[in-house]
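Enquirer: Each residue of the sequence shown is one higher than the last, beginning at 2 in my numbering. Think of the CB as a built atom: it goes at the ideal place given N, C-alpha and C, for glycine as much as any other residue. Remember, it's a predicted structure, so these values are computed and weren't measured experimentally.
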Amino acid sequence: MAHILLAEDDDAMRRYLTSALRGAGHYVTAVDNGLKALEQMSEIETDLLLADVVMPGLDGVELARRAAKDRPHLKVMFITGFAAVALNERQQHAAGTRVLSKPFHLRELVSEIEAMLECDHEAG
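Written as structure tokens, this is what we have:
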């Protein structure tokens, strides 16, 4: 079981993703913005950051950049309703970072997360 930190500003989407990920056997800490997520990163051990790209205050890309300073091996998955091309123009991402475009099926999300976490276990 992995600990996933979910940063999603849409209440319904956050509840939906939290429920699905917990149903898949993961422990989930869910927050509604990037600043709260950054605070949580300093308090809890996190295996994977699942962040919406566009959030008020601190967006997902900046959140991941700041989190990587203290945790360079943190797995990151972005979820976005915007084209991944725009995301790639803003920042070069670390190897293993993934982008999942909305809308997506929960099976796809869980499968992508499992694959990311499995790669970590195989490498270690």
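Using DSSP's beta-bridge definition, name the partner residues of A8.
Expert: One-based indexing of the sequence shown puts residue 8 at position 7. Paired residue(s): V32 and A52.
Enquirer: Taking the alpha carbon of I5 as the point to measure from, which residue in G24, S20 and Y28 has its own alpha carbon closest?
Expert: The residue you call residue 5 lines up with position 4 of the sequence shown. Comparing Cα positions, the closest option is Y28.
Enquirer: Do the region 10 to 29 and the region 67 to 75 meet, that is, are 3 or more Cβ pairs less than 8 Å apart?
Expert: Taking a cut-off of 8 Å on C-beta distances, the region 10 to 29 does not touch the region 67 to 75, as fewer than three cross pairs fall below it.
Enquirer: Quick one: residues in its chain with C-beta nearer than 6 Å to the C-beta of E115, no 5 flanking neighbours on either side, listed in chain order?
Expert: Along the sequence shown, read from residue 1 onward, the residue named residue 115 stands at position 114. Around E115: no qualifying Cβ.
Enquirer: Does the Cβ-Cβ distance between A52 and A69 come in under 8 Å?
Expert: On the sequence shown, position 51 is the one that residue 52 refers to. On the sequence shown, position 68 is the one that residue 69 refers to. Taking 8 Å as the Cβ cut-off, A52 and A69 do not qualify as a contacting pair.
Enquirer: If distances are taken between C-alpha atoms only, which option among P104, I80, R15 and R67 comes closest to M42?
Expert: The count along the sequence shown starts at 1 and reaches residue 42 at position 41. Minimum Cα distance to M42 is reached at R67.
Enquirer: For L36, which residues of its own chain have a beta-carbon under 6 Å away from its beta-carbon, when the five flanking residues on both sides are left out?
Expert: Start at 1 with the first residue of the sequence shown, and residue 36 comes out as number 35. Excluding residues within five positions, the ones whose Cβ falls inside 6 Å are G58 and L59.
Enquirer: May I ask you to report which of helix, strand or coil DSSP gives R91?
Expert: Counting from 1 along the sequence shown, the entry for residue 91 is found at position 90. Bear in mind that the predicted position of R91 carries a pLDDT of just 47, short of 50, making it unreliable; the figure below should be weighed with that in mind. In the structure shown, R91 sits in a helix (DSSP, three-state: H, G or I).
Enquirer: Please classify A65: is it buried, with 16 or more other beta-carbons within 10 angstroms of its beta-carbon, or exposed?
Expert: The sequence position of residue 65 within the sequence shown is 64, counting from 1. Buried is the call here.
Enquirer: Starting from S43, follow its DSSP beta bridges and name the residues at the other end.
Expert: Within the sequence shown, residue 43 is the residue found at index 42, counting from 1. Partner(s): none; S43 has no beta bridge.
Enquirer: Which residues in the same chain as R99 place their Cβ atom closer than 8 Å to its Cβ, once the five residues preceding and following it in sequence are excluded?
Expert: On the sequence shown, residue 99 is found 98 positions in, with the first residue counted as 1. The answer, listed in chain order, is V77, M78, F79, E113 and M117.
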